[in-house]
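Engineer: Position 279, counted from 1, in the sequence shown is what UniProt numbering calls 279; the numbers after and before it change by one each time, with no gaps.
Virtual Cβ for every residue (Gly too), placed ideally from N, Cα, C.
Could you have a look at this structure, given as structure tokens, before my questions?
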Amino acid sequence: APDTPVIDQAYSKLSNSITVEWRAVPGATSYMLTAEDGDSFVETLVKNSPGTVTGLKPATLYRVTVRSVNPGGKSQPSPFRKVKTVLAAPILSVHSPSRDSIAVSWRAVHMAAGFSVSLMRSDGVGRMLKQNTTNTSLIFTNLDPGTLYTIKAYAWNANGVPGDDFTYNQRTSPNAPVDVKLAFNSGALRAVVSWMPTEGALTYSVTVSSGLLELRCNTSSASCMLPSLQCSSEYHVSVTAHNDAGSSEPTDAVSLKTIPCAPVNISIEEDEPGHLLVSWSGVTLGHYYVVFVKSDDGLEVHCNTSHTQCHFQSDCGFTYFISVFAYNTAGQSPSGDVFNYTTAPCCPGDWRAVFTSADSVRLSWAPVRGADRYETRAAGGSGPGLLCRDTAPACALSALQCGTAYTVTVSSFSEARGTGTACAPRRVATAPCSPEIKNISKEGLSVISVQWQPNNEEATYVVTARGEAGLWHCTSTRNSCTLMDLPCGSAFSVSAIARSPAGQSLPSYSIPLETAPCCPKDMTLTQVSQSVTNISWSVGRGAQTYVTALESPEGQAKCHTLHTHCLLGCITCGTNYTVSLRAISETGLTSSCTYQGYSSSACCPTGVKLYRLSSNGIRVLWRAAAETMNYKAHLQGSKGNFSCTPSPGLSHCDITKIPCGDVYTVLVAPVTHKGPKLTFCPEKIYSVTCSGSSVGMVIYRGKSNAKHI
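Structure, rendered in structure tokens:
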């Protein structure tokens, strides 16, 4: 075992340890330090000197020994030394009761005669403050707010030996923030609060209060966002700085007025056509209002007012989109509901009426703005009113009563509005009713009287006779009129119409009318024999058959034929006749026609004979039918034609030179004032022979061949 070491010195610098110094012992590999207080001991193995025994009690007297150790064993303990551990450090309780003070307190330390407490800014700025006291608390004042201070404290014993020290860092509470500013975001209804950073503040709290409502925002920066604020509200905002020492006083409250809420109870009404009244309830914190009215054609107008209503001009048939905003110094209120208001559709007042038939009228108009459908009503007449509904800007009213004035109203309807606009009624009058012809009578040869049943007021009636010959008219405001100068032999269709300022009626039912046939303009009478006369005439328009007659005191000759000529027999020669003709139509209408009188030709002589007079002469002899009649004899032969005229009162005449040896046709006919000879008197044939160069025998050969009539 090694030798026993000798302690040079032993001392206590900490309340829980004693440090021992000794001279080294040869051969010793380590040393065993032992500290005893009578109740307990503590051993510590160390390598060399100095060595420290720890785990001791403060302010306690220990006996300290050292033994050297090697593999061979331990030496005897060295002579002991008495050493007392120093006082324990006071355990501080520190806080900052105000922004410029720090309060320090501690519990009493065993065996302590007094205490020493020092304070200094942790950043080394400024001087250190130190206080000695026998109390267990003290306060440092006039400190910098929000500043970190280092506090050191220890106790000393009756001999003035200081014990362990205790170090504590403490910050003073901060100042209240300054330069508090509010930035309000009206669109998002939030605000940003900012301030100048405060020395020593670790965090900040922003308090926002409005009545019973209180919001709080905590942050470590110099600003804070306040979300979800309420419109039309006034908030009081204050900021408090905080650190581990405490809190500052809150700043003076800053007032924050948010944007007003969107106006409510918006009503829109058309107090009169063309004027919109928009009204709403007043809004808290609303200084003034702006109403925007945008029509569906894109045009927008607005009204700026401090009242709760606005007037706007409006047009028919428009849909207006209306928004109301409230304003104050914070900005514009949120967008509220967008209301739409559709004005009544425009009135189709320019409609025109066109009659498509006597009892139907088509109404048409230009489409009007805002109209989804139209309704047309017609009131008048004895029946129920007429109603027409259509989406097209036109309507046809049918089954109208003739000669009636209707009150027509056209209305436009809007589905969006649910109501319509009735235009001012207009009067539409139908054409007069068709007249009914009651009677047609003949007043004269070409005069027809037409009567009808008048069934209209203030109407003019026009009667028309229509035929191939043309048109004939007569006009009257009463119940009859007369058609004049109708042509003969014509067929007509007679109808009547009524006219008024409203128009013209349908024609009445047509009634056929036939005028008597025309008398032939030309008539020719030709006597073909003494007792037969041929009568011919021109066509009489409208006539189908004709009855001709020659009348004299001696008797009558009559003929009924389909043709335009006729042979009348039993004519007495040399007689004056009256000539008449009746033209008869298909339906039996008759026209009696009278012509110039007719005289039959003079009677032909009888007993015509031929005698030889001399060598070259011939005498023609006859019996006259009347003493006053003049005759002329004609001889026609191959060698020539010869004639002679007797002296007045004689019934013979002579031809002094006539060639013999020829056959002659002899005709004696009366001479008329018309000049040409009659050819229907009987002709006789004689042969005149020659006796030498003179006329020989005259031989009767008979009559000439009869002519066919």
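Report the rounded CA-to-CA distance for A1 versus V69, giving the unit in angstroms.
Structural biologist: Residue mapping note: residue 1 aligns to position 1 of the sequence shown, counting from 1. Residue mapping note: residue 69 aligns to position 69 of the sequence shown, counting from 1. Using only the alpha carbons, I get a separation of about 7 Å.
Engineer: Contact between the region 353-362 and the region 278-285 is defined here as three or more beta-carbon pairs at a separation below 8 Å; is this criterion met?
Structural biologist: Because the criterion of three Cβ pairs below 8 Å is not met, the region 353-362 and the region 278-285 do not touch.
Engineer: Can you have a look at Q170 and say buried or exposed, based on whether 16 or more other CB atoms are within 10 angstroms of its CB?
Structural biologist: Mapped onto the sequence shown, residue 170 falls at position 170. Burial of Q170 is indicated by the presence of at least 16 other C-beta atoms within 10 angstroms of its C-beta.
Engineer: Quick check: the Cα distance between C395 and V368, rounded to an integer number of angstroms?
Structural biologist: Here the question's residue 395 lines up with position 395 in the sequence shown. Here the question's residue 368 lines up with position 368 in the sequence shown. The alpha-carbon atoms of C395 and V368 are separated by roughly 15 Å.
Engineer: Cα-Cα, which of L56, P79 and Q9 is closest to D3?
Structural biologist: By one-based count along the sequence shown, residue 3 stands at place 3. In terms of CA proximity to D3, P79 leads the group L56, P79 and Q9.
Engineer: For K707, which residues in the same chain have their Cβ closer than 7 Å to its Cβ, ignoring the five residues on either side in sequence?
Structural biologist: Taking the sequence shown and counting its residues from 1, the one referred to as residue 707 is at position 707. For K707, the predicted model reports a pLDDT of 49, less than 50, meaning its position is unreliable and no value from the coordinates is stated.
Engineer: Using C-beta distances below 8 Å, list every residue in its chain close to S306, excluding the 5 sequence neighbours before and after it, in chain order.
Structural biologist: Here residue 306 is taken as the residue at index 306 of the sequence shown, counted from 1. Once the five neighbours on either side are set aside, the close Cβ partners of S306 are H287, Y288 and Y289.
Engineer: Looking only at its chain, what residues have a beta carbon closer than 7 Å to the beta carbon of D522, apart from the 5 residues adjacent to it on each side?
Structural biologist: Numbered from 1 along the sequence shown, position 522 holds the residue referred to as residue 522. Counting only Cβ-Cβ distances below 7 Å, and skipping sequence neighbours, we find W537 and S538.
Engineer: Between F140, N439, E458 and T460, which has its C-alpha nearest V450's C-alpha?
Structural biologist: Numbered from 1 along the sequence shown, position 450 holds the residue referred to as residue 450. Taking only the C-alpha atoms, the option nearest V450 is N439.
Engineer: Measure the alpha-carbon distance for L525 versus L567 and round it to whole angstroms.
Structural biologist: Locating residue 525 in the sequence shown gives position 525, where the first residue counts as 1. Locating residue 567 in the sequence shown gives position 567, where the first residue counts as 1. Straight-line Cα distance between these residues: approximately 10 Å.
Engineer: Could you spell out the range, first to last residue, of the beta strand (DSSP E) harbouring Q636?
Structural biologist: As a first step, residue 636 is located in the sequence shown; it is residue number 636 there, counting from the start. Unbroken beta strand (DSSP E) run through Q636: Y631 to G637.
Engineer: What's the C-alpha gap between V83 and P58?
Structural biologist: Counted from its first residue, the sequence shown places residue 83 at position 83. Counted from its first residue, the sequence shown places residue 58 at position 58. Rounded to the nearest angstrom, the two C-alpha atoms are 11 Å apart.
Engineer: Give a yes or no on contact between the region 541-549 and the region 580-596, applying the rule of three or more CB pairs nearer than 8 Å.
Structural biologist: yes
Engineer: Which partner residues does H95 have in the DSSP bridge list?
Structural biologist: Position 95 of the sequence shown, counted from the start, is the residue given in the question as residue 95. Beta-bridge pairing links H95 to A103.
Engineer: Leaving out five residues on either side along the sequence, give the residues of the same chain with a beta carbon under 8 Å from the beta carbon of T60.
Structural biologist: Residue numbering aside, residue 60 sits at position 60 when the sequence shown is read from its first letter. Here the set comprises D37, K84 and T85.
Engineer: Answer with buried or exposed for F642, where buried requires no fewer than 16 other C-beta atoms within 10 angstroms of its C-beta.
Structural biologist: Here residue 642 refers to the residue found at position 642 when the sequence shown is read from its first residue. Answer is buried; the Cβ neighbour count reaches 16.
Engineer: Given a cut-off of 8 Å on the beta-carbon distance, is the pair A371 and P345 in contact?
Structural biologist: Translated into the one-based positions of the sequence shown, residue 371 becomes position 371. Translated into the one-based positions of the sequence shown, residue 345 becomes position 345. Yes, they are a contact pair.
Engineer: In three-state terms, what does DSSP make of K707?
Structural biologist: Counted from its first residue, the sequence shown places residue 707 at position 707. In this prediction, K707 scores a pLDDT of 49, lower than 50, which makes its location untrustworthy; no coordinate-derived value is stated.
Engineer: Decide if L299 is buried, meaning its Cβ has at least 16 other Cβ atoms within 10 Å, or exposed.
Structural biologist: Taking the first residue of the sequence shown as position 1, residue 299 is located at position 299. Flag for L299 reads exposed.
Engineer: May I have a chain-ordered list of the beta strand (DSSP E) segments no shorter than 3 residues that lie completely inside the UniProt domain "Fibronectin type-III" (89-175)?
Structural biologist: Restricting attention to beta strand (DSSP E) runs no shorter than 3 residues, the UniProt domain "Fibronectin type-III" (89-175) encloses them at 92-98, 101-106, 114-121, 129-133, 137-140, 148-156 and 162-171, ordered along the chain.
Engineer: Could you pull out every unbroken beta strand (DSSP E) segment of at least 3 residues lying fully inside the region 359-423, listed in chain order?
Structural biologist: 360-364, 373-379, 386-390, 394-397, 405-413 and 420-422
Engineer: Looking only at its chain, what residues have a beta carbon closer than 8 Å to the beta carbon of H275, apart from the 5 residues adjacent to it on each side?
Structural biologist: Walking along the sequence shown from the start, residue 275 turns up at place 275. Cβ neighbours of H275 beyond the five flanking positions: H311, F312, Q313 and S314.
Engineer: Taking the alpha-carbon positions, what's the P273 to G420 distance?
Structural biologist: The sequence position of residue 273 within the sequence shown is 273, counting from 1. The sequence position of residue 420 within the sequence shown is 420, counting from 1. Taking the straight line from one Cα to the other gives about 13 Å.
Engineer: Quick check: what's the CA-CA separation for T251 versus G336?
Structural biologist: Start at 1 with the first residue of the sequence shown, and residue 251 comes out as number 251. Start at 1 with the first residue of the sequence shown, and residue 336 comes out as number 336. Rounded to whole angstroms, T251 to G336 spans 36 Å at the Cα level.
Engineer: Strictly by DSSP, which residues pair up with G470?
Structural biologist: In the sequence shown, residue 470 corresponds to position 470, counting from 1. Answer is G467, bridged to G470.
Engineer: Alpha carbons only, please: which of C604, I535, P174 and G383 is nearest the one belonging to A625?
Structural biologist: The count along the sequence shown starts at 1 and reaches residue 625 at position 625. Closest by alpha carbon: C604.
Engineer: Using DSSP with H/G/I as helix, E/B as strand and the rest coil, what is K294?
Structural biologist: Within the sequence shown, residue 294 is the residue found at index 294, counting from 1. Looking at K294 - three-state DSSP - the assignment turns out to be strand.
Engineer: Starting from the C-beta of G588, find all residues in its chain whose C-beta is less than 7 Å away, skip the five residues before and the five after it, and write them out in chain order.
Structural biologist: Here residue 588 is taken as the residue at index 588 of the sequence shown, counted from 1. Once the five neighbours on either side are set aside, G588 has no close Cβ partner at all.
Engineer: List in chain order: all unbroken beta strand (DSSP E) runs of 3+ residues lying wholly within the region 317-348.
Structural biologist: 319-328 and 339-342
Engineer: Beta-carbon within less than 8 Å of W280's beta-carbon, same chain only, minus the 5 sequence neighbours each way: which residues are those?
Structural biologist: Along the sequence shown, one-based indexing puts residue 280 at 280. Taken in chain order, the residues that qualify are P263, V264, N265, I266, S267, Y289, T308, Q309 and V324.
Engineer: Within its chain, find whatever has a CB closer than 8 Å to the CB of R417; leave out the 5 residues flanking it on each side and keep chain order.
Structural biologist: For the purposes of this step, residue 417 is identified with residue 417 of the sequence shown, where counting begins at 1. Once the five neighbours on either side are set aside, the close Cβ partners of R417 are T342, T343, A344, P345 and G370.
Engineer: Three-state secondary structure (DSSP) at D654?
Structural biologist: As a working note, residue 654 is residue 654 in the sequence shown. D654 sits in a strand when the DSSP states are folded into three classes.
Engineer: Put N265 into one of helix, strand or coil per three-state DSSP.
Structural biologist: For the purposes of this step, residue 265 is taken as the residue at position 265 of the sequence shown. Coil.
Engineer: Excluding the five sequence neighbours on either side, which residues of its own chain have a C-beta within less than 6 Å of the C-beta of D271, listed in chain order?
Structural biologist: Reading the sequence shown from its first residue, position 271 is the one you call residue 271. Only L277 meet the Cβ criterion.
Engineer: Which word fits R107, buried or exposed, when buried means at least 16 other C-beta atoms lie within 10 angstroms of its C-beta?
Structural biologist: Here residue 107 corresponds to residue number 107 of the sequence shown, with the count starting at 1. The residue is exposed, with fewer than 16 neighbouring Cβ atoms inside 10 Å.
Engineer: Grab me the residues of S17's own chain with a C-beta within less than 7 Å of its C-beta, minus the 5 sequence neighbours each way, in chain order.
Structural biologist: By 1-based counting over the sequence shown, the position of residue 17 is 17. T52, V53, T54 and L56.
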